[in-house]
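Residue numbers (the numbering used here), protein chains in the order written: chain A, 8 to 165; chain B, 8 to 165. By construction, the Cβ of each residue, glycine as well, lies at the ideal position given by its N, Cα and C atoms. It should be emphasised that the depicted structure is a prediction, and the values quoted were computed from it without experimental measurement. Structure record follows, encoded as structure tokens.
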DNA sequence: CTGGAAAGGTTCAAGACGTGAACGATTCAT
DNA sequence: ATGAATCGTTCACGTCTTGAACCTTTCCAG
């Protein structure tokens with residue numbers, strides 16, 4: 008026995024600390040959950056964007072979530088292998104690969120959104136609707152203040 | 008021009024999403040700031056723990072922040088190279104390497120804590136003290152509900 | 001004691017990820 | 001027509017982590 012487990016966590020619990028802790032936890036948990044449809048967060052992100060902008064080019068979508076083109080290729084490859092999206096030639100610009108959801112992709116997205124909703128509910132269990140509203144507003148305040156752009160979705164590793 | 012920048016971000020801004028976004032931002036920002044003392048978040052973490060538990064073994068400290076022993080070695084190596092901590096033989100157990108802060112380590116830690124404080128203030132700029140209190144309470148509620156243990160400090164990559 | 005199991009620390013090889021540079025194809029501007 | 005810019009892609013590289021194996025030391029049962 009190495010005795011007492013270190014009181015080290017008498018940490019002053021700052022907001023910055025808590026935010027990191029909770030944010031990372033939320034990301035991890037979501038990654039676990041979304042795995043149920045054989046996706047990881049970045050794939051789910053892309054899938055959502057494709058749905059929101061069908062027919063757009065890879066790079067247009069990549070830019071929207073701030074991922075480099077070289078990374079985008081791999082992600083689209085994965086989605087295509089799973090049969091969730093398709094790359095179509097763009098008649099107006101033959102350099103472009105326009106992205107579209109397949110029927111399977113739509114089903115998967117729908118399922119993924121249900122999971123996301125479930126995730127949201129689990130995360131905010133133990134909070135009243137009023138609490139949630141307040142928390143949302145406070146976080147939004149930080150986002151505004153910090154001028155946080157679009158990027159940085161619930162994507163993380165482990 | 009690829010025209011409109013995709014409305015994709017009409018995202019319903021869920022709490023889970025915001026928490027991830029803000030949390031990851033906070034982590035990144037902190038990583039940038041703490042670099043001013045030539046540390047990265049995991050090193051700062053360890054430094055703090057060593058200070059809170061001087062003389063403890065590497066693994067005792069490693070366990071407290073949930074990092075595997077093999078990783079701990081590398082971190083302590085770094086801290087030792089920077090002259091911030093020292094490995095002392097433990098007279099009671101010659102397998103153990105007890106960790107201690109050097110004078111330089113203490114100064115560095117102090118400086119790091121100032122940076123952390125500054126980080127905290129920047130992050131919560133634009134919020135009233137009342138806001139901060141409320142946010143802290145709400146986050147704490149999530150932590151309690153989710154039974155978030157010690158681990159997962161402001162450590163992230165980029 | 002004493003021999004085997006267990007624990008602390010370390011090393012090392014391997015796997016997961018992400019990124020930038022470079023390239024071919026195509027389009028655009030002049 | 002020609003050079004610059006853009007889309008998509010490949011690939012090699014560096015980063016970051018971890019598990020397995022190893023040595024040393026300690027602990028415990030017999």
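In the pairwise beta carbon analysis, the stretch 40–54 of chain A is classified as touching the stretch 82–96 of chain A: at least three pairs are separated by under 8 Å. Between residue 148(B) and residue 133(A), the C-beta gap is smaller than 9 Å, which places the two residues in contact. Secondary structure at residue 93(A): strand, using DSSP grouped into helix, strand and coil. Put simply, the CB of residue 30(A) is near chain B, with a gap under 9 Å to one of its CB atoms.
Measuring C-alpha to C-alpha distances from residue 83(B) to each of 155(B), 136(B) and 46(B) identifies 46(B) as the nearest. Fewer than three Cβ pairs drawn from the stretch 72–82 of chain A and the stretch 116–123 of chain A lie within less than 8 Å of each other, which leaves the two stretches out of contact. The beta carbons of residue 116(A) and residue 106(A) sit no closer together than 9 Å. In this structure, the alpha-carbon of residue 59(A) lies about 32 Å from that of residue 142(B). Residue 69(A) holds the alpha-carbon nearest to the alpha-carbon of residue 49(A) among 31(A), 69(A), 26(A) and 61(A). Judged by DSSP in its simplified three-state form, residue 146(A) adopts helix.
In this structure residue 21(A) is buried. Its beta-carbon is surrounded by 16 or more other beta-carbon atoms within 10 angstroms. At least one CB atom of chain B sits nearer than 9 Å to the CB of residue 131(A). Secondary structure in the stretch 58–114 of chain B: the beta strand (DSSP E) runs of 3 residues or longer, each lying completely within the stretch, are 92–96 and 104–108 in chain order. From the beta-carbon of residue 37(A), the residues of chain B found nearer than 7 Å are 23.
DSSP, reduced to helix, strand and coil, places residue 47(A) outside both helices and strands of the structure shown, so it counts as coil.
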